[in-house]
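From first to last, the protein sequence lines are chains A and B.
Residue numbers for the first sequence follow this note's numbering, so the first one is 68 and each next one is one higher.
Residue numbers for the second sequence follow this note's numbering, so the first one is 68 and each next one is one higher.
All C-beta atoms in this analysis are idealised placements derived from N, C-alpha and C, irrespective of residue type, glycine included.
There are 2 protein chains.
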Amino acid sequence: MNTTPRLTEPEETPEELESLLAAATTAAADWGRRSPHDRADALSAVADALDAEGQSLIIEAMRETGLTEGRLTGELKRTTVQLRMFAEELRDGSYLRIALDRQDPDFVLGPRPDLRRWLTPLGPVLVYAASNFPFAFSVAGGDTASALAAGCPVLLKAHPGHPETSRKTAGLVRSALQSAGAPEGTFALLTGRQAGVSALRDPRIAAGAFTGSVAGGRALFDIASSRPNPIPFFGELGSVNPAMVTSGAERERGEQIAAGFVGSFTLGTGQFCTKPGILLLPRGSELPKRIAELAQNVPPARMLTSAIADRYRERTTELADIPGVEVLARGSEHADPSDIPQVSPTVLHAGSVADLLSEPALLEENFGPCAVIAEYDADEDLRAAISAVPGTLTVTAHLAGQPDDAERQLVSGLVALAASRSGRVLFDEWPTGLAVTPAQQHGGPYPATTAVSHTSVGTAAIDRFLRPVTYQNAPEFLLPEALRESNPLGLPRSTHQPGASQDWAPPQ
Amino acid sequence: MNTTPRLTEPEETPEELESLLAAATTAAADWGRRSPHDRADALSAVADALDAEGQSLIIEAMRETGLTEGRLTGELKRTTVQLRMFAEELRDGSYLRIALDRQDPDFVLGPRPDLRRWLTPLGPVLVYAASNFPFAFSVAGGDTASALAAGCPVLLKAHPGHPETSRKTAGLVRSALQSAGAPEGTFALLTGRQAGVSALRDPRIAAGAFTGSVAGGRALFDIASSRPNPIPFFGELGSVNPAMVTSGAERERGEQIAAGFVGSFTLGTGQFCTKPGILLLPRGSELPKRIAELAQNVPPARMLTSAIADRYRERTTELADIPGVEVLARGSEHADPSDIPQVSPTVLHAGSVADLLSEPALLEENFGPCAVIAEYDADEDLRAAISAVPGTLTVTAHLAGQPDDAERQLVSGLVALAASRSGRVLFDEWPTGLAVTPAQQHGGPYPATTAVSHTSVGTAAIDRFLRPVTYQNAPEFLLPEALRESNPLGLPRSTHQPGASQDWAPPQ
């Protein structure tokens, strides 16, 4: 069944692009003003439509990406669960953060007018689909779901790695939205590479969202930031996700840790942004040997696209050739009927933490089934390693179940440092397999993301596409329903009563 | 008493700058981990210190800025109220948005680990003080207060328009913080122009905040965005704040509207970012004549700095010279003992809305006591004007107390458009005189700000300096106190219980 996906997709003509941008702009005024409940119903309808066509979507995605049925079934479920989760967020309404300041003639700084603040949609959003999640970070993925939930029309630049899956999904999204009464232009697909760049320069686009490489994401971020009117660009780029193991943890469950690590860095053939790319082990650890053995037993698997495979081959060779780097397991490349190569895992040993830190290339993401091990002697090594790693999505620590005093001290000093370099700090688990839930954080300092204050996974992802607007002294008939005194939508609000400000006054 | 402030302030040497940056970085780890209550106490201590020295601060600021005692007394009060307001925000704790996802073996997408999310400080923030608020947007102003509250050390680039006021305030801030136990390096003053730019390029600076001109702010935004690791830059730049008056409102209270408008656009000699710079009146309105008369009666007043006065003179001449623009009141310039000129207001009449929109220069902020009037014939004129205005902090509408059907229809169609172009839509009041309260929004699409999702006034301003971090499966002893099961700080949290996700599953 496998055939090579076309990697160059048809370009939209300037007229076609103009018509898509115009439609999205017209839709923005309407879609953005629908009640949260209306948008929730539309998102649920999209989820239902994708579930109903799940079988054919999965078959198409298997053909185009080489991913397994099991993986794609789980990913499609995640995608529709995500859509329903945002629908629930809309029905709850607290995402609007409605705040009412009551008129207060005795306000400490002089009479205060009636002020009503809420969050409103930014406007049309341009979403770039990722290669590695043909459903969950693609056409109907988290960026699309959160932007539509926020009230923003979406122009979706398809990834050329799964063009037919994208078209099929887009058709389902469009018809479900239409049946649910969403305005024409609420969602549209772009396939052209140049059209994807031109659209980002268009003044009508209000934000961009991207998941992909540092080079690609940075180029787009630079375009978004250097426009005559710069716009927010939510890029989720590269991450090395360092993990460390204490000697207590190794003594207690070394085998389990080795197996868990290999399972995590080779999951999805290493093509996850949460892949643990660096493992820090105590000096003299037995784990490198065991990890190499386990990695050698992982069967080769197809990479997502030829471009990713080429880049991975190049980067892995570059790292393996660094003087002093030992190749513990040398991955091999195999032909695949798709013409996109299959690869097996590579494990590199950089030596000491000092050796690791002396080569910046070892600290950069290598997208694919390759991991780098280094050994630490003292607390300072770990501190130095975590400090030197570029901004990362995650930092992982494996500890003993009952850490002794030395281990407690070692780790206590590292946790805050890890939090300052990442968006998620995790213990005794592995960073792949991200829960899509309210308290999730998928983000981090650059280059993990271009927008450190946000997440691209979990309900808080909706915040990216919202901005505050305050109405001052507005007559009831001119207020959006959500802000009216009668609260016809029954939304949660926080209210600041008159007289509450006297504590702020200077002492007499 | 007036003397010319030095407009070139001493440059820090590279060694001095390095030492300030190093101290801020060291302080960040400590200050950021203090409990919100500790930081609240420190902010209150700063407020108390400024209030205690209020008299001498106000005298110094009068000398340097030419602003009146009344204005500066009010502004200093706003500044200390602001500090206490953020202290209360910290004591309340909901700004941390703590979210707990309980471990859930039956989570719809597979077992979910324990996840705990909160907001953490970004790190050292570089704040550029504004010229026009020597207290409230300067050394101890809203940006400083909100960054310190968030847990970020502040490097404050002083504005050269009030250097001694800045030094005096900085000394009080530093000693109050020190007495309250804040680490050395939590706050420091920069005076050099070049140092202010070099610091923004330094990798240790995690965010920038700025209030000032479009040209200056954009240059700094470009630096922040083009760093090897780009950082958030919260620039509050230019805004024209269009206001419109219906014929019903004019009939009902034309005189009051004319007086209110003149009071607002000439307040602070027109040097407020919320100055209503454009007034849209019904065709044939009597108000332009009355506005010109009232403006001619406003006595000349000193501008803040020579640079601002020069720019204002140049821009006002440029606008007055546009063919078709009628000068209804021609402002005059007068000598002042400070050598910074005094000016009286200028009122320009652009003609019709079509005339106004044909000259982009008329739609750009002119910082000073100048306003542009245009007359509209139909609904479409107002829609066109609001659409054409660059992103703005505010849009104002003056309506009849009991609008007739035609007026209701006219305005209903405009409110959503106004909200899409601005951060605050107000009715029957004027945009100057900003209430500092929870529901305030001071921001808007570019060029009003470089970060449309945020506000620089009101309690929500703290959000700018925070980013989310999630702890996954963390042992209790490694969690920050705020996230521990025992909740020793008594902070508000939202909790996601197990089993709550079953509704999100695909239908069977």
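When DSSP states are grouped into helix, strand and coil, His-226 of chain A belongs to the coil group.
Going by beta carbons, Ala-506 of chain A and Leu-182 of chain B fall inside the 7 angstroms limit. With respect to Gly-259 of chain A, Ala-91 of chain A sits apart: the two C-beta atoms are not nearer than 7 angstroms. Listed as beta-bridge partners of Glu-393 of chain B by DSSP are B:His-416.
When beta bridges are read from the DSSP output, Ser-561 of chain A appears opposite A:Ala-166. Taking a beta-carbon distance threshold of 7 angstroms, Asn-364 of chain B does not count as an interface residue toward chain A. When secondary structure is reduced to three states using DSSP, Arg-551 of chain B falls in the coil class, being assigned neither helix nor strand. In this structure, the alpha-carbon of Ile-389 of chain A lies about 19 angstroms from that of Asp-377 of chain A. Here DSSP, grouped into helix, strand and coil, assigns Arg-369 of chain B to strand. DSSP places Arg-184 of chain B in the strand class (E or B) of the three-state scheme. Take Tyr-443 of chain A, set aside five residues on each side of it, and the residues of its chain with a beta-carbon closer than 8 angstroms to its own are Met-311, Leu-347, Leu-348, Pro-349, Arg-350, Ser-419, Val-420, Leu-449, Ala-452, in chain order. Taking CB atoms only, Asn-540 of chain A has a neighbour in chain B less than 7 angstroms away.
Under the three-state reduction of DSSP output, Arg-260 of chain B falls in the helix class.
Closest in alpha carbon position to Val-392 of chain B, among B:Thr-413, B:Arg-380, B:Ser-399, is B:Thr-413. When the alpha-carbon of Trp-571 of chain B is set against those of A:Leu-150, A:Ala-96, A:Pro-77, the nearest one is in A:Leu-150. For Leu-460 of chain B, no alpha helix (DSSP H) segment is defined; the enclosing uninterrupted segment is the beta strand (DSSP E) at 459 to 465.
Listed along chain B, no residue sits closer than 7 angstroms to Asp-173 of chain A by beta-carbon distance, the nearest being about 13 angstroms off. Within the DSSP bridge table, the entry for Gln-409 of chain A names A:Arg-369, A:His-401 as partners. The closest CA to that of Gly-468 of chain A, considering only B:Arg-534, B:Phe-544, B:Glu-431, is found on B:Phe-544. With a cutoff of 7 angstroms on beta-carbon distance, Arg-169 of chain A and Pro-565 of chain A are scored as near each other.
Annotation for Glu-142 of chain A: Phe-200, Phe-202, Ala-203 place their beta carbon closer than 7 angstroms to its own, counting only its chain and skipping 5 residues before and after. A check of alpha carbon separations from Arg-285 of chain B across A:Ala-286, A:Asp-105, A:Ala-276, A:Pro-297 identifies A:Pro-297 as the nearest. Contacts between Thr-537 of chain B and chain A, judged by CB atoms closer than 8 angstroms, involve Gly-490, Arg-491, Val-492, Ala-506, Gln-507, Gln-508 in chain order. Within 8 angstroms of the CB of Asp-118 of chain A, the CB atoms of chain B belong to Pro-573, Pro-574, in sequence order along the chain.
Asp-406 of chain A counts as exposed, since fewer than 16 other C-beta atoms from the protein chains shown sit within 10 angstroms of its C-beta. In the DSSP annotation of this structure, Ile-126 of chain B is not part of any beta strand (DSSP E); the continuous alpha helix (DSSP H) holding it starts and ends at 121 to 132. With its beta carbon less than 7 angstroms from one in chain B, Tyr-513 of chain A belongs to the interface. In this structure, Val-206 of chain A lies away from Ala-247 of chain A, with their beta-carbon atoms at least 7 angstroms apart. Each of B:Leu-215, B:Lys-235, B:Phe-174 was checked against the Cα of Ser-123 of chain B, and the nearest Cα belongs to B:Lys-235. In this structure, Phe-532 of chain B and Ala-217 of chain B form a Cβ contact; the two beta carbons are roughly 4 angstroms apart against a cut-off of 8 angstroms. Between Thr-499 of chain B and Phe-339 of chain B, the C-beta spacing is below 7 angstroms. Neighbours of Val-482 of chain B across chain A, judged by C-beta separation under 9 angstroms: Tyr-538, Ala-541, Leu-545, Leu-546, Pro-547. Around the Cβ of Pro-103 of chain A, a 10 Å sphere holds 16 or more other Cβ atoms; the residue is buried.
Any Cβ of chain B closer than 7 angstroms to the Cβ of His-563 of chain A would place that residue at the interface, and such an atom is present. The residues Gly-321, in chain order, have a CB closer than 7 angstroms to that of Glu-353 of chain A in the same chain once the five nearest residues on each side in sequence are set aside. Here Ser-523 of chain A is buried, its C-beta having at least 16 other C-beta atoms within 10 Å.
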